[in-house]
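Visitor: My questions all concern the structure below.
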Amino acid sequence: MSSRFRKILGIAALLGLVFLTGFFINSFYGNPVSALLARNTARQVLEEQFPGEPYTIESCGYNLKNGCYTVRVSREGSMDDWFDIDVEPDGTFRSHDYADRVPNCWNTWNRLSQDYYNLGKTVMELPDFPEGKASLPGVSGESVYVSAHLRFCNREYPEEYSIFVEDLKVDGVYDLAELGAVAGELNVRAVNEDLTPETAASIMLKIHELTEEAGIRYAVMDFSLERQENSWEPEDYIAAPLFPVSEITPDGLAERIREADAAYKAWVEAEDAAAQEAENAEKGTT
18 MSSRFRKILG
28 IAALLGLVFL
38 TGFFINSFYG
48 NPVSALLARN
58 TARQVLEEQF
68 PGEPYTIESC
78 GYNLKNGCYT
88 VRVSREGSMD
98 DWFDIDVEPD
108 GTFRSHDYAD
118 RVPNCWNTWN
128 RLSQDYYNLG
138 KTVMELPDFP
148 EGKASLPGVS
158 GESVYVSAHL
168 RFCNREYPEE
178 YSIFVEDLKV
188 DGVYDLAELG
198 AVAGELNVRA
208 VNEDLTPETA
218 ASIMLKIHEL
228 TEEAGIRYAV
238 MDFSLERQEN
248 SWEPEDYIAA
258 PLFPVSEITP
268 DGLAERIREA
278 DAAYKAWVEA
288 EDAAAQEAEN
298 AEKGTT
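So in our numbering, spot 192 of the sequence shown is number 209, and the numbers just go up one at a time.
Have a look at this one:
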């Protein structure tokens with residue numbers, strides 16, 4: 018093989034490597050030309066569909082999931098008035114999610130949910146909750162995990178202890194304590210080999226005390242105590258889902274937890290039986 022041919026072959030291999038590298042980079046990160054086209058298309062969409070509205074382009078990035086460039090636009094000074102415009106690599110407009118995010122208050126719902134969740138994390142930052150896992154003072158041997166969530170629903174499908182999304186207002190200022198008292202859900206997962214309603218009551222009372230210390234209000238506690246982590250045989254856990262905060266008082270708490278656990282497990286058994294019956298019926302028709 019001549020040196021000239023080897024040189025040509027090396028150059029060809031190098032060019033091929035450059036091409037493949039560029040192909041993979043474009044596939045995962047996009048390219049500046051398409052990003053520029055996406056920004057220009059987004060400006061056109063704003064001019065045509067939102068004339069006179071003070072939206073500005075906040076960011077533009079390649080979306081590996083849908084193969085588009087996602088352009089984030091927002092109204093200056095607004096917490097909730099922002100949405101995404103998806104543009105094809107050739108600059109063709111595909112879609113935007115303004116209707117879902119802004120007038121339907123998805124952004125507002127998400128902001129409030131995140132703020133309340135962050136408020137709940139303050140419990141984890143107390144001395145008893147280093148890195149989200151703790152041994153509670155006065156209750157030996159358990160690990161406890163806590164998170165806080167706001168419950169939302171639509172008027173078409175109302176739920177207890179929830180806020181109607183339709184009642185939210187874009188950029189509305191809300192008192193998280195008031196929202197929490199109506200629709201706050203405190204999720205508590207505890208692990209302790211001493212699987213008794215009395216142990217569950219001790220943990221529940223201590224968690225409630227800590228939330229009051231952190232200034233967190235909630236409507237219900239979704240509580241479970243497991244003998245071992247992620248052990249979900251009926252004899253290996255105690256559950257008290259959507260347990261009203263008004264019932265978290267020392268007198269008779271263990272018995273109320275016992276009743277809630279029995280009711281929950283009866284419901285699970287009935288649901289499993291119904292699912293099995295439906296599966297058997299489906300097999301019988303095939």
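Cβ atoms here follow ideal geometry from the backbone N, Cα and C, with glycine treated the same way.
As the structure is a computational prediction, the values presented were derived from the model and not from experiment.
With distances taken from CA atoms, which of His166, Tyr115, Ser219, Met238 is nearest valine 205?
Guide: Met238
Visitor: Could you name each continuous alpha helix (DSSP H) segment of 4 residues or more that falls completely within the segment 50-132, going from the start of the chain to the end?
Guide: 115-118
Visitor: Can you tell me whether valine 161 is buried or exposed, with buried defined as 16 or more other CB within 10 angstroms of its CB?
Guide: buried
Visitor: The alpha helix (DSSP H) spanning glutamate 230 covers which residue range?
Guide: 214-231
Visitor: Taking all protein chains shown into account, do 16 or more other C-beta atoms lie within 10 angstroms of the C-beta of proline 214, making it buried, or fewer, making it exposed?
Guide: buried
Visitor: Would DSSP call glutamate 294 helix, strand or coil?
Guide: helix
Visitor: Can you grab the Cα-Cα spacing for the pair alanine 116 / glutamate 229, in whole Å?
Guide: Roughly 38 Å between the two C-alpha positions.
Visitor: When burial is assigned at 16 or more other CB atoms within 10 Å of the CB, is leucine 270 buried or exposed?
Guide: buried
Visitor: Can you tell me where the beta strand (DSSP E) holding valine 237 begins and where it ends?
Guide: 237-243 is the extent of the beta strand (DSSP E) around valine 237.
Visitor: I need the DSSP call for isoleucine 180, collapsed to helix, strand or coil.
Guide: strand
Visitor: Between the beta-carbon of aspartate 97 and the beta-carbon of aspartate 192, is there less than 8 Å?
Guide: no
Visitor: Tell me, please, which residues DSSP counts as bridged to glycine 201.
Guide: For glycine 201, which the question treats as bridged, DSSP gives the partners Leu167.
Visitor: Whose C-alpha, out of Ala256, Thr266, Val104, Ser179, is nearest the C-alpha of arginine 275?
Guide: Ala256
Visitor: Leaving out the 5 sequence neighbours to the left and right, which residues in its chain are closer than 7 Å to valine 199 when beta-carbon positions are compared?
Guide: Ile180, Ala236
Visitor: May I ask which residues mark the beginning and end of the beta strand (DSSP E) holding leucine 259?
Guide: 254-261
Visitor: Under the rule that 16 or more other beta-carbon atoms within 10 Å means buried, what is lysine 82, buried or exposed?
Guide: exposed
Visitor: Which one of Thr73, Ser91, Leu227 has the shortest CA to CA distance from glutamate 142?
Guide: Cα-wise, what sits closest to glutamate 142 is Leu227.
Visitor: In chain order, what residues of the same chain have a beta carbon less than 6 Å from the beta carbon of leucine 203, not counting five sequence neighbours either side?
Guide: Ala165, Tyr235, Met238
Visitor: In this structure, how does DSSP classify glutamate 286 when only helix, strand and coil are distinguished?
Guide: Glutamate 286: helix per DSSP, three-state reduction.
Visitor: Taking the alpha carbon of proline 120 as the reference point, which residue from Ala298, Glu176, Val62, Val182 has its own alpha carbon closest?
Guide: Of the candidates Ala298, Glu176, Val62, Val182, the one whose C-alpha sits nearest the C-alpha of proline 120 is Val182.
Visitor: Hey, how far is the Cα of glutamate 173 from the Cα of tyrosine 134?
Guide: 26 Å
Visitor: Is it the case that the Cβ atoms of serine 91 and tyrosine 72 are separated by a distance below 8 Å?
Guide: In this structure, tyrosine 72 lies closer than 8 Å to serine 91 by Cβ.
Visitor: For isoleucine 220 and lysine 186, what's the separation of their Cα atoms in angstroms?
Guide: Here the alpha carbon of isoleucine 220 sits roughly 37 Å from the alpha carbon of lysine 186.
Visitor: Taking only the alpha-carbon atoms, compute the straight-line gap between glycine 301 and alanine 292 and give it to the nearest angstrom.
Guide: 14 Å
Visitor: In the structure shown, what three-state DSSP assignment does tyrosine 174 receive?
Guide: It is coil, neither helix nor strand.
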